[in-house]
Structures are given as structure tokens and as C-alpha cells.
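With this note's numbering applied, the sequence shown covers 430 to 549.
The beta carbon of each residue, even a glycine, is placed where N, CA and C say it ideally should be.
For reference, the structure is listed below as C-alpha cells.
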Amino acid sequence: MNWSPEQRKLAEKYQSLDEIPAGERRYKCHTCHFVVDENPCPHCGETSLEIMCPLDHCDCHHSIVESIEYCPLCGKAICPECGSHDVVQISRVTGYLQDVAGWNAGKQQELKDRVHYSVV
430 MNWSPEQRKL AEKYQSLDEI PAGERRYKCH TCHFVVDENP CPHCGETSLE
480 IMCPLDHCDC HHSIVESIEY CPLCGKAICP ECGSHDVVQI SRVTGYLQDV
530 AGWNAGKQQE LKDRVHYSVV
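Here it is as C-alpha cells:
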């Protein structure tokens, strides 16, 4: 991923999302689908908001990409072409395709550690 100099500084400044000061945080509301600057959500009142990674720009227009990369700050899957964190990652397990969002942390780490090959 080709991060901008500003994004690289953010990734170096913080080691995790929890280190971002409350005044600098942005949140994703999964109830009303807004990105907001405060918790609870001022639109719907939801209190279980996700701290948004400052490297996430929430706008991916790529429908299917061949590979996946991981954010250096939060560790979530990102689009390797634009860096958006708003991706659905699927994997073929025992012949079935499935969304990996429901996998436990250990199984998701196993997916990250897999070696990918291209057969040409």
C-alpha cells in the first residue's frame, strides 16, 4: 500500500487505536452508518461506536481484488489498491466461500499468516 506521508506519520505516532486521544478520535456508527466525532452518536444515540482508524477513508470503489493487505495501525484488512478499511474479506474453507468477519481472533490471525502463491 502506498501510504501518504501524513498517513505514515499517523501510523508511527500511535501504536494502537486506544492511544488516540479522545479529542482526536472519530467513530463509525454501525446503526445509522455515519462517521461522527463524538460518542454517543449525535444522530441515533448509539453508544457502542467503533473507534475509526485514522488511516481509513471509508470509500472503496473496487468490487473484487485478488489479494488483501492489513493496516499497520489497527491490523484490519484493507483494500490493497486504495487503503479503505471498508472491505469484506472472504475465504474458501472446505469448499465453501464465507465472510471471515465472524471468525474468532485466532482463525483470523491464521488467515493473515497464510502464504499466498500465484500459479501462472
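Proximity below 8 Å, CB of residue i to CB of residue j
i	j	result
Leu402	Tyr456	This structure cannot settle anything about residue 402, because the visible part of the chain is limited to 430 through 549.
Pro471	Val465	yes
Ser496	His462	no
Cα-Cα separation, residue i to residue j
i	j	result
Cys503	Ser520	21 Å
Gly535	Pro434	32 Å
Pro450	Asp515	23 Å
Gly524	Glu453	44 Å
Cβ shell of residue i (< 8 Å), same chain only, five flanking positions each side left out
i	result
Met430	Glu498, Ile507, Pro509, Gly512
Presumed contact (8 Å Cβ cut-off) between residue i and residue j, rounded CB distance
i	j	result
Leu484	Cys500	6 Å
Glu441	Thr460	About 33 Å; that fails the 8 Å criterion.
>> Runs of 4 residues minimum, wholly inside the stretch 475–548: which ones carry the alpha helix (DSSP H) assignment?
In response: Correct list: 534–542.
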